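Those protein sequences? They're chains A and B, same order as listed.
Mapping the first sequence onto the working numbering, position 141 (from 1) lands on 135, and the numbers just tick up by one.
Mapping the second sequence onto the working numbering, position 15 (from 1) lands on 9, and the numbers just tick up by one.
Heads up, the beta-carbon is just placed ideally off N, CA and C, and yes, glycines get one too.
All values derive from a computational prediction rather than experimental measurement.
The structure appears below as structure tokens.
2 protein chains.
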Amino acid sequence: MTQRSPGRPAVAFTPVRGGRTFEIVVQQIRDKLASGELGPGDKLPAERDLAQHLNVSRNVVREALRILENAGLLSTRKGAHGGAFIEQGSPALISQAFNDLLTLNAISLDDLLKARELMLGMMLDVVRDLPAAPDLGALRNNLAETEAAVTSGDSPRRVQLAREFYHDVASLTGNSALVFTVDAQTGLVQTFLRYRVQDMDAQQLLQSRRAFLDHLAAGRFEEAKAELGAHLRRVHKHLWRR
Amino acid sequence: MTQRSPGRPAVAFTPVRGGRTFEIVVQQIRDKLASGELGPGDKLPAERDLAQHLNVSRNVVREALRILENAGLLSTRKGAHGGAFIEQGSPALISQAFNDLLTLNAISLDDLLKARELMLGMMLDVVRDLPAAPDLGALRNNLAETEAAVTSGDSPRRVQLAREFYHDVASLTGNSALVFTVDAQTGLVQTFLRYRVQDMDAQQLLQSRRAFLDHLAAGRFEEAKAELGAHLRRVHKHLWRR
DNA sequence: GAATGGGTTTTGGTATCACCAATAGATTTT
DNA sequence: AAAATCTATTGGTGATACCAAAACCCATTC
């Protein structure tokens, strides 16, 4: 049990209202995750068993599982050998949070897009200052596949490849938190962009990607940053035309 | 008929079909949020009414409300005139997401702290490139209050002021998305740090803050960045000693 | 007349029970 | 052996009842 001074509010993540039964259940499962007693891939008991074991109603267990599932901590499968399984982490968690803040008008789309541009630029600075030269293999491969997807007119594949492109750029930094943040932002942008990929100028995209990679390979980080920024601003401008 | 806050018309809910029922209910409410039909402060119909209008069971409505509540989109109150109320956005949404990713070992605390340092540094670059000189009023005020809190030994106040300090730094950029991201990271760090604030060297903290502000006021952004970075690394190092 | 105190109503919280729907594995049939 | 079928498991939904808190109303009391 955590020691704390009297009268101090509890930690931000665990809501103070311990009165509701399903919240206690949620907390118990979260604790078992934090302590390592439960890990990705593990399976929770069936809802009915869990309810009986915890001496609560199945409704309560279900509400707790719904919360954890929605938080991305577990997923659910029906049928025999089904149940609730602990998940791997996913940037969708952060993505959803940003998305909710957008719909609540707590942040503006414009600011979010600017932040994205700034963060990607910052990452290139990080890469520049790394001791070793970046491994551009993944990005080169991505470019080749993007060219193939453009010629074959495979729009869904283009979207997927764009997502991987930014993921690979972030991965150059070797920082998992940055990778997740960028992935989340990319996912968010793509939910706005999904149905209008075909409108975008494919040749311009390819040209920009090639220039970006050339700059990067030659160590011209400022030019790479400028190229990426210009491309992002084009995409963002595209988002406003609707 | 459900009575709602005056001024807004009653919301129309349409019956439900396809997929998991509660997910459709969640989506329907999210859509009403995105379209502006529902906004912060509004009250949803009572669970029983909502269930009847949607032609689903109250169980389904409750699971949907649990999900939305856990996502921070609404809160619930018991009793007469209680119900589900749309909330304002909060960085706790993003904080929770990062926290879950931490417990799933999808990202490392070390990477998260480095990302925080990088992002704050980037923001100072943004401030440097702004056309107008930054308004340091909030930060000066924060420093004065921090000095008072240190002399009076008010640890909770110190934690609160530290949170506001980083919030104010991010606010210098004028970008709401960056502010939310920094707030989320700060909240996360403080959940690890909260109970050990008194261990930290208060005089060193104050000296660092004063130097930071002096650099900023004089337009020495690189020095300010270095000072902030050094302070963050001290804090982060403090996190590891446990 | 103001304050007190207890009903009454509204509304979320929990408990049960019943049944549907999908799924994997075992069994039977062809 | 392959295909169809059965069966047990497990999540998904519906329905009903009752509890607990909160706001309100109103009679009682001082």
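Pick helix, strand or coil for residue i, following the three-state DSSP scheme.
i	result
THR185/B	helix
MET194/A	coil
GLY213/A	coil
LEU87/A	helix
ASN99/B	coil
GLU112/B	One point to set straight first is that residue 112/B is Leu, not Glu, in the sequence displayed. Three-state DSSP puts LEU112/B in a helix.
ARG227/A	helix
SER29/A	coil
ALA218/A	helix
ALA4/A	Unreliable placement is indicated for ALA4/A, whose pLDDT of 25 sits below 50; the coordinate value is still reported in the next sentence. Looking at ALA4/A - three-state DSSP - the assignment turns out to be coil, as it is neither helix nor strand.
ARG14/B	coil
Counting only Cβ pairs nearer than 8 Å, list the residues of chain A close to residue i.
i	result
GLU221/B	Within 8 Å Cβ-Cβ: nothing; GLU221/B doesn't reach chain A, min ~19 Å.
GLN82/B	LEU98, ALA100
MET194/B	Simply none; closest approach about 16 Å.
ALA109/B	ASN169, ALA171, LEU172, THR175
ARG42/B	Per Cβ cutoff of 8 Å: no residues; ARG42/B is ~15 Å from chain A at best.
Can residue i and residue j be called in contact, C-beta distance under 9 Å?
i	j	result
GLY181/A	SER89/A	yes
PHE206/B	GLU216/B	no
ALA178/A	PHE92/A	yes
LEU27/A	PRO34/B	no
MET113/B	MET116/A	yes
GLU57/B	GLU31/A	no
THR175/A	LEU124/A	no
LEU118/B	VAL163/B	yes
ALA143/A	LEU133/A	no
ALA65/A	ASN53/B	no
ARG71/A	PHE16/B	no
Output, in chain order, the set of chain B residues within a Cβ distance shorter than 8 Å of residue i.
i	result
LEU27/A	THR97, LEU98
ASP105/A	ASN169, SER170, ALA171, LEU172
Residues of chain B with CB under 7 Å from residue i, in chain order?
i	result
PRO34/A	LEU98
Which bits of chain A does residue i rub up against, with CB to CB less than 9 Å?
i	result
LEU67/B	ASP94, THR97, LEU98
ARG203/B	Correct list: empty, because the minimum Cβ distance to chain A is about 23 Å.
ARG151/B	Per Cβ cutoff of 9 Å: no residues; ARG151/B is ~11 Å from chain A at best.
Check the Cβ of residue i against every Cβ in chain A and list those closer than 7 Å, keeping chain order.
i	result
VAL120/B	LEU112
ALA91/B	LEU87, ILE88, ALA91
GLU57/B	ARG56, GLU57, ARG60
ASN64/B	ILE61, ASN64, ALA65
ASN53/B	ASN53
ARG134/B	Here the premise fails: no neighbours, minimum Cβ distance about 25 Å.
Which full runs of the beta strand (DSSP E) of 3+ residues lie inside the stretch 36 to 84 of chain B, going along the chain?
68 to 71, 77 to 80
For the stretch 209 to 226 of chain A against the stretch 102 to 114 of chain A, are there 3 or more C-beta pairs whose distance is under 8 Å?
Yes, the stretch 209 to 226 of chain A touches the stretch 102 to 114 of chain A.
If we count Cβ pairs, one from each stretch, closer than 8 Å, do we get three or more for the stretch 139 to 157 of chain B versus the stretch 76 to 96 of chain B?
no
Cβ contact check for the stretch 34 to 42 of chain B and the stretch 40 to 47 of chain A: 3 or more pairs under 8 Å:
no
In chain order, what are the residue ranges of uninterrupted alpha helix (DSSP H) at least 4 long that sit wholly in the stretch 108 to 181 of chain B?
The stretch 108 to 181 of chain B contains these whole alpha helix (DSSP H) runs: 131 to 146, 149 to 165.
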